[in-house]
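To start, the structure itself, in structure tokens.
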Amino acid sequence: MTRDAETLRMLGKVVVDAFIFVVLGIAVYFTRHLWQPFQRGFFCGDESLMYPYRDDTISTVVLHVVGASLPCVTIIVCEYIVLRNHKGDKYCLGIRIPAWAQGTYCTLVSFFLGLVYTELATNIAKNTIGRPRPHFFDYSGRASVAGSRSKALDARSEVKTFAGRYPSAVE
Numbered sequence: 023m024t025r026d027a028e029t030l031r032m033l034g035k036v037v038v039d040a041f042i043f044v045v046l047g048i049a050v051y052f053t054r055h056l057w058q059p060f061q062r063g064f065f066c067g068d069e070s071l072m073y074p075y076r077d078d079t080i081s082t083v084v085l086h087v088v089g090a091s092l093p094c095v096t097i098i099v100c101e102y103i104v105l106r107n108h109k110g111d112k113y114c115l116g117i118r119i120p121a122w123a124q125g126t127y128c129t130l131v132s133f134f135l136g137l138v139y140t141e142l143a144t145n146i147a148k149n150t151i152g153r154p155r156p157h158f159f160d161y162s163g164r165a166s167v168a169g170s171r172s173k174a175l176d177a178r179s180e181v182k183t184f185a186g187r188y189p190s191a192v193e
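Dropping the structure here:
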């Protein structure tokens, strides 16, 4: 394969990967922010919704940073150790791309595709099922659930706003 054909192939792969990530990113944004969750009913005596609310032990930001960066560092180190002496270097736009960098790119793309697909599947499941969290009564206030029709309507709107504000909490 000539260098020009190799360059076009590598650039084509990067463009296709970027396109897939953009499409999946739009889908994740849609499921997280624009899709209204299914409003499932509940019984006031449902014991599975009566657990006390507890603050997160690990913040969402820390979870995302550690959950993404730790595997990335591991992948980069492992690919470098395994492929650092490999002679399969390629050239793209006149720049030498070492074999370990090619392997790292392919592995990281696969990892992040899995990460985005998992996020998308989780968001779809949460929005489709619409099951309240185990601490639902503690969070929303039991008084708004047991009472008059207006309080019940308030509770229903509270469920909707809760699901919109805390999509990761509605599993």
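Oh and the sequence shown: position 87 is 109 in this note's numbering, straight run, nothing missing. For each residue, glycine too, the CB sits at the ideal point set by N, CA and C. Please read these numbers as outputs of a predicted model, since none were measured by experiment.
My output table needs one value for R171: the three-state DSSP class, helix, strand or coil. A caution first: R171 carries a pLDDT of 47, below 50, which makes its placement in the model unreliable, though a value can still be read off. For R171, the three-state secondary structure derived from DSSP is helix.
Per the DSSP calculation, I117 is bridged to which residue(s)? Looking at the DSSP assignment, I117 forms a beta bridge with C114.
Rounded Cβ spacing between E203 and T126 (contact assumed at less than 8 angstroms): Residue 203 lies beyond the stretch modelled for the chain, which goes from 23 to 193, so this question has no answer here.
Give the straight-line distance between the Cα atoms of S91 and G67, rounded to the nearest whole angstrom. Taking the straight line joining both Cα atoms gives about 43 angstroms.
For the alpha helix (DSSP H) that Y102 lies in, which residues bound it at each end? Element bounds for Y102: 82-105.
For K4 and I103, which I take to be in contact (beta-carbon distance under 8 angstroms), what is that distance rounded to the nearest angstrom? There is no way to answer for residue 4, as the model of the chain reaches only from 23 to 193.
Report the rounded CA-to-CA distance for R62 versus K148, giving the unit in angstroms. Approximately 11 angstroms, taken between the alpha carbons.
A49 versus G89 - alpha carbon distance: Straight-line Cα distance between these residues: approximately 21 angstroms.
If you draw a straight line from the alpha carbon of R171 to that of Y139, how long is it in whole angstroms? Since pLDDT at R171 reaches only 47, below the 50 mark, its modelled position is unreliable, and the value read off the structure follows with that caveat. Taken atom to atom, the span from the alpha-carbon of R171 to that of Y139 is near 41 angstroms.
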